[in-house]
């Protein structure tokens, strides 16, 4: 039986900015057209496979997932967990950092 450790995390250290084709009509000192858009926080998760003693399995690579949108993040997580056959796992550990 396989054991999994799932750690959804929040990226307090990084935010992304997505460009929307809505320019403000003003220009920078260098002559570039400015745009205005909101900062969006990246949502991350990591799936680790544990060995029989509950430590990280050195023979397996972790699975990382990231999205800007929470709905898309959970959709990606669901697809990974179904491919890993999470229903057949001996145990699943859920860890979180407490961020919203």
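Residue numbers (the numbering used here): 282 to 381. No residue lacks a Cβ here, since even glycine has one placed at the ideal position from N, Cα and C.
For residue 323, the secondary structure class from DSSP, reduced to helix, strand or coil, is strand. The alpha-carbon separation between residue 323 and residue 357 amounts to approximately 14 Å. Taken atom to atom, the span from the alpha-carbon of residue 343 to that of residue 321 is near 25 Å. Pairwise C-beta distances place the segment 324-334 in contact with the segment 353-371, as three or more of them are shorter than 8 Å. Distance from the CA atom of residue 377 to the CA atom of residue 348, rounded to whole angstroms, is 17 Å. Excluding residues up to 5 positions away in sequence, 324 and 348 lie with their Cβ nearer than 6 Å to the Cβ of residue 354 in the same chain.
Taking 4 residues as the minimum length, the alpha helix (DSSP H) runs contained wholly in the segment 332-379 are 351-364, in order along the chain. Residue 350 and residue 370 have their C-alpha atoms some 28 Å from each other.
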